Structures are given as C-alpha cells and as structure tokens.
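Undergrad: Numbering (the working numbering), first residue to last: 346 to 601. Virtual Cβ for every residue (Gly too), placed ideally from N, Cα, C. All values reported here derive from a predicted model rather than from experimental measurement. Below you will find the structure I want to go over with you.
Here it is in structure tokens:
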C-alpha cells in the first residue's frame, strides 16, 4: 500500500484517536495528546462525511467536556489546528476552546508565565559606525562587535570584548552607506569568544589577546582596526574589493 506523507499522518492521527476512544470507553480521563488527537480526528471525519468547515469545527467542540479529561488539560488544549480534506479541497480548521471548563489559569500544567521584566542595561560605550558596503549589514545582540563585518568602519579597539546593548535575540541593521550610533556593553560570563570571525577564538582577557586580535583584523582589512574610523577609507586595505571572500582568513558570518 503506497501512502503519501499526508495519508500517513492521517493514519497516525486516527490511531491516536482510536486509543483515546478506547481509554475513554474504559472510564479513563484523557491526557493532552489523547484529547488533541480525538478533537482533530473528529474534524477530519466530519470533513470526510461531507460536512462544511463550520459544522466540522462545531462537532469537534462537542466531542469532549471538562469531565472527560484530566485536571489541567482544558487549560493546556486551548486551540487545535488540523488540516482536513473537505469537498471543496484541503482547509485548515482551527478549533478554539475545544474542551471548555478550563479554570486553572496560570496554575495549569504547561501554562506560559511571563518572566519578570529585567532592567535594560545602560550602554557602557557609544560608537559611530559607518557601513561602507553596498548591502545592508545586520549584527545580532550577542555577536562580538569587534569582529563584525569588515566593511563596517568604527573604532575596533574600543569595541573589543563588547556586544550591542539591545535585547537578546534582536539585531541592529546598518544600511548601505549609512552611519549610525550604537551602544555597547561588555560581554558577560566567562568572556570567551569562540567562532564569530575567528579573530580571537579564546578568552577575551588573556594576556596579549586584544593586541593579537587587532593585528589579525588589520591584516585582513577590517576597517577601524589599524587607525581611527575614517582614516582607513583611503588605505590599501580599505580600497580592496568589498567582498568578504577576499579575506578568507577572517571571513565573517553572513549578515554580521
């Protein structure tokens, strides 16, 4: 029997739903996977019977009640998404509040609780940065700013051991030919920089590490590594092809 991936998924869902039906018939209250499977299977079977989308969703909402599931399940299964094949084609059915009766709120198993807001760290340093490349350059929050794209012109020595003072996971975009001021904060923790552009690859505060990194950056044509920002704009290193592939020894990661 040859089955498409969608057909295999449908059989898997049906098997889980049949298990849920058998356990409910024995008087057991359903857990999260069992309840989810039974609700989704009800939608698919209603579609197979020729019902419309709204009718299939209504049937799925009526299949289980709070007494059919374990405590807390109604608070966790607040919405079920399933793609079913209706007479007019495949459609995504979204079953909101499929069980009802959830009253545990933040105390429900699996509930998402917001972390307390932390105070934003004040920048320890502000730098003017100019993007000399012809494409946008983005630097992420915890990238070692010293090792950012070689076509960014700024004081590399001042930025050694620093990262952007932006929320974790965010980034800052430098437009082509544009100039912007950014705030930097010291990298925390053990202060070890591994990877990035390969200019450090070790403890940031090791004896001679900063000088060696500056030497490598200058040798590879990183703007701002050998002089104050702007002085390198007419130097041989800065007049090379802006393609980072021209500097294989310290090719930065894409977008940084």
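What residues in its chain sit with their C-beta under 6 Å from that of residue 570, if we drop five residues either side in the sequence?
TA: Taking the first residue of the chain shown as position 1, residue 570 is located at position 225. Around residue 570: 501, 559, 562 and 563.
Undergrad: Assuming residue 426 contacts residue 439 (C-beta within less than 8 Å), just tell me the rounded distance between them.
TA: To locate residue 426, count along the chain shown from 1; it is residue 81. To locate residue 439, count along the chain shown from 1; it is residue 94. Correct: roughly 6 Å between the Cβ atoms.
Undergrad: Please classify residue 504 as buried or exposed, where buried requires at least 16 other C-beta atoms within 10 Å of its C-beta.
TA: For this step, residue 504 is matched to residue 159 along the chain shown. By the 10 Å Cβ count, residue 504 comes out buried.
Undergrad: When DSSP labels each residue in this structure, what does residue 498 get in the three-state scheme?
TA: For the purposes of this step, residue 498 is identified with residue 153 of the chain shown, where counting begins at 1. Three-state DSSP puts residue 498 in a strand.
Undergrad: Is it the case that the Cβ atoms of residue 495 and residue 518 are separated by a distance below 9 Å?
TA: The residue you call residue 495 lines up with position 150 of the chain shown. The residue you call residue 518 lines up with position 173 of the chain shown. No.
Undergrad: Residue 493 to residue 409, Cα distance in whole Å?
TA: Your numbering for residue 493 matches position 148 in the chain shown. Your numbering for residue 409 matches position 64 in the chain shown. Rounded to the nearest angstrom, the two C-alpha atoms are 55 Å apart.
Undergrad: Just checking residue 564 against the ligand HEM - is the residue's beta carbon closer than 8 Å to any of the ligand's heavy atoms?
TA: Looking for the ligand HEM in the displayed structure turns up nothing, as the structure carries no ligands at all.
Undergrad: Less than 9 Å separating the beta-carbons of residue 476 and residue 434?
TA: Translated into the one-based positions of the chain shown, residue 476 becomes position 131. Translated into the one-based positions of the chain shown, residue 434 becomes position 89. No, Cβ-Cβ distance for residue 476 and residue 434 is not below 9 Å.
Undergrad: Excluding the 5 residues preceding and the 5 following residue 416 in the sequence, name in chain order all residues of the same chain whose CB lies nearer than 7 Å to its CB.
TA: By 1-based counting over the chain shown, the position of residue 416 is 71. Closer than 7 Å at the Cβ level, and outside the excluded window around residue 416, lies no residue.
Undergrad: Would you call the CB atoms of residue 472 and residue 529 closer than 9 Å?
TA: Taking the chain shown and counting its residues from 1, one reaches residue 472 at position 127. Taking the chain shown and counting its residues from 1, one reaches residue 529 at position 184. The answer is yes: Cβ separation under 9 Å.
Undergrad: For residue 488, which three-state DSSP category applies?
TA: As a first step, residue 488 is located in the chain shown; it is residue number 143 there, counting from the start. In this structure, residue 488 counts as coil in the three-state DSSP scheme.
Undergrad: How should residue 444 be labelled, buried or exposed, when 16 other C-beta atoms within 10 angstroms of its C-beta is the threshold for buried?
TA: For the purposes of this step, residue 444 is taken as residue 99 along the chain shown, with counting starting at 1. When all chains shown are included, residue 444 counts as buried.
Undergrad: Could you check if residue 574 is buried or exposed, using at least 16 other CB atoms within 10 Å of its CB as the buried criterion?
TA: Taking the first residue of the chain shown as 1, we reach residue 574 at position 229. Note that residue 574 scores a pLDDT of 41, beneath 50, so its modelled location is shaky; the value from the coordinates is reported in the next line. Buried is the label assigned to residue 574, since at least 16 other Cβ atoms lie within 10 Å of its Cβ.
Undergrad: Less than 9 Å separating the beta-carbons of residue 418 and residue 388?
TA: As a first step, residue 418 must be located in the chain shown, where it is residue number 73. As a first step, residue 388 must be located in the chain shown, where it is residue number 43. Not in contact: residue 418 and residue 388 (Cβ atoms no closer than 9 Å).
Undergrad: Three or more C-beta pairs closer than 8 Å, one from the stretch 361-368 and one from the stretch 378-386: is that the case here?
TA: Result yes; three or more Cβ-Cβ pairs closer than 8 Å.
Undergrad: Between residue 361 and chain C, is any beta-carbon pair separated by less than 9 Å?
TA: Of the chains in the structure shown, none is chain C; there is only one protein chain.
Undergrad: I believe residue 527 touches residue 509 by the beta-carbon criterion, under 8 Å. Please report the beta-carbon distance rounded to the nearest angstrom.
TA: Looking up residue 527 in the chain shown gives position 182. Looking up residue 509 in the chain shown gives position 164. Rounded, the Cβ-Cβ distance is 6 Å, consistent with contact.
Undergrad: With DSSP collapsed to three states, give me the class of residue 560.
TA: Here residue 560 corresponds to residue number 215 of the chain shown, with the count starting at 1. The answer is helix: DSSP assigns residue 560 an H, G or I state.
Undergrad: Hey, could you find the ends of the alpha helix (DSSP H) residue 390 is sitting in?
TA: The residue you call residue 390 lines up with position 45 of the chain shown. Run containing residue 390: 377-393, per the alpha helix (DSSP H) assignment.
Undergrad: Go to residue 369, then tell me how far its alpha helix (DSSP H) extends in each direction, as first and last residue.
TA: Working through the chain shown from its first residue, we reach residue 369 at position 24. Residues 350-370.
Undergrad: Alpha carbon to alpha carbon, how far is residue 479 from residue 489? Give it in angstroms, no decimals.
TA: Here residue 489 refers to the residue found at position 144 of the chain shown. Here residue 479 refers to the residue found at position 134 of the chain shown. Between residue 489 and residue 479, the C-alpha separation is close to 22 Å.
Undergrad: Taking the alpha-carbon positions, what's the residue 369 to residue 379 distance?
TA: Within the chain shown, residue 369 is the residue found at index 24, counting from 1. Within the chain shown, residue 379 is the residue found at index 34, counting from 1. About 10 Å.
Undergrad: Is it buried or exposed, residue 401, if we count other Cβ atoms within 10 angstroms and call 16 or more buried?
TA: Position 56 of the chain shown, counted from the first residue, corresponds to residue 401. By the neighbour-count rule (16 or more Cβ atoms within 10 Å), residue 401 is buried.
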